[in-house]
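Peer 1: Input: one structure, supplied below.
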Amino acid sequence: MLELKDVVVHYGVVPALKGISFRVEEGEIVTLIGANGAGKSTTLKAISGLLKLKEGSITYQGGSISGKGAHMVVRQGISQVPEGRGIFANLTVEENLSLGAYTRKDKSKINENLKNVYERFPRLQERRKQVGGTLSGGEQQMLAIGRALMATPKLLLLDEPSMGLAPLVVREIFKIIREINKMGTTILLVEQNARMALSVAGRGYVLETGQIISEGSASELRGNEEVKKAYLGH
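With UniProt numbering, you'll find the sequence shown wraps up at 234, consecutive numbering, no jumps.
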């Protein structure tokens with residue numbers, strides 16, 4: 001479904017990604033794990049068209065999306081939930097969700113999707129007229145995911161969904177991630193909480209200073225001594 005080949009991305013003259021290659025098959029949850037500054041968020045931004053490639057290629061469903069703008073990538077069925085949630089704090093919950101469907105014209109389907117989002121996130125329905133900035137961290141994360149789902153993505157990019165959330169809320173968010181995947185959405189998950197990421201993903205890649213240093217099934221990575229030492233604790 002998605003394939004990166006020898007992708008190089010620079011911030012100015014500083015290399016952030018140094019020729020990474022990986023794939024995501026339809027229906028999977030694949031995770032990228034690594035420390036801060038490893039290049040995880042940069043990878044998602046490159047896929048979603050927010051950063052230009054210096055070298056390499058990105059293909060999605062058999063066609064190139066290298067160099068395409070973010071608005072074109074969204075139209076092809078890729079949505080991103082950014083790090084830090086990125087909701088519009090001064091807009092209501094419902095206005096935030098409506099913006100997730102900005103590329104669409106099918107009003108009856110949009111209303112149906114809105115209903116589905118409210119069914120998945122009852123707390124958002126309860127707070128639909130409340131401005132986003134007054135929500136709790138967990139509710140804001142649900143809003144960010146709900147907004148991305150309003151674009152009916154085939155591939156959902158999740159950037160650090162557990163960041164800043166209490167353990168109980170993290171478990172709830174990861175339960176929702178599993179449910180979204182079971183409903184047919186492929187997920188590429190970037191997550192510093194490697195233990196949680198490997199509990200939901202089927203496969204994973206470990207990024208270190210812009211390079212993939214390890215890959216395998218979730219169980220293989222959980223059993224890898226280097227991964228355990230660096231990211232899972234003992």
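Idealized CB from N, CA, C, for every residue including glycine.
1. Near isoleucine 87, what residues of its chain come up, given a Cβ to Cβ distance below 6 angstroms and the 5 sequence neighbours on each side ignored?
2. Would you report the Cα separation of lysine 175 and leucine 91, rounded to the nearest angstrom?
3. If you measure between the beta carbons of threonine 31 and leucine 189, is that distance less than 7 angstroms?
4. In three-state terms, what does DSSP make of tyrosine 205?
5. Does DSSP put tyrosine 102 in a helix, in a strand, or in coil?
6. Using the Cα positions of glutamate 208 and asparagine 224, report the straight-line distance between them to the nearest angstrom.
7. Can you tell me which of Asp106, Ala70 and Gly37 puts its alpha carbon nearest to the alpha carbon of leucine 157?
8. Among all the DSSP beta bridges, which residues are the ones paired with phenylalanine 22?
9. Buried or exposed, going by whether 16 or more other CB atoms sit within 10 Å of the CB of alanine 46?
10. Can you give me the Cβ contacts of glutamate 215 inside the same chain, cut-off strictly under 6 angstroms, excluding the 5 residues immediately before and after it?
11. Could you tell me the boundaries of the alpha helix (DSSP H) in which threonine 42 lies?
12. Measuring alpha carbon to alpha carbon, tell me which residue in Gly37, Ala16, Gly34 and Val7 is nearest arginine 23.
13. Within a Cβ cutoff of 6 angstroms, which residues of the same chain sit near asparagine 36, ignoring the five residues on either side of it in sequence?
14. Alpha carbon to alpha carbon, what distance is there between alanine 16 and asparagine 111?
15. Measure from the alpha carbon of leucine 168 to the alpha carbon of each residue in Gly138, Lys18, Lys107 and Lys154, then state which is nearest.
16. Would DSSP call alanine 151 helix, strand or coil?
17. Examine the Cβ distances between the stretch 69–85 and the stretch 48–57 and report whether three or more of them are shorter than 8 angstroms.
18. Are the Cβ atoms of arginine 127 and valine 93 separated by less than 7 angstroms?
19. According to DSSP, what are the bridge partners of isoleucine 110?
20. Flag this pair as yes or no: are the beta carbons of isoleucine 33 and alanine 194 separated by less than 7 angstroms?
21. Beta carbon of glutamate 83, beta carbon of threonine 186: below 7 angstroms?
22. Check the C-beta distance from proline 161 over to isoleucine 173 and give it rounded, since I have them as a contact under 8 angstroms.
23. With the cut-off set at 7 angstroms, would you say valine 14 and threonine 42 are in Cβ contact?
Peer 2: On the basis of the supplied data:
1. Once the five neighbours on either side are set aside, the close Cβ partners of isoleucine 87 are Asn96, Gly132, Gln140, Leu143 and Ala144.
2. 27 angstroms
3. Closer than 7 angstroms, so yes.
4. strand
5. Residue state, collapsed to three classes: coil.
6. If I take the Cα positions, the gap works out to 15 angstroms.
7. Ranking the options by Cα distance to leucine 157, first place goes to Ala70.
8. Leu4
9. buried
10. For glutamate 215, where only same-chain residues beyond five positions count, the Cβ hits under 6 angstroms are Tyr205.
11. 40–47
12. Val7
13. none
14. 40 angstroms
15. Nearest option by C-alpha distance: Gly138.
16. Coil, per DSSP.
17. yes
18. yes
19. Note: isoleucine 110 sits in no beta bridge, so no partner.
20. Yes, Cβ-Cβ distance for isoleucine 33 and alanine 194 is below 7 angstroms.
21. Not closer than 7 angstroms, so no.
22. 5 angstroms
23. no
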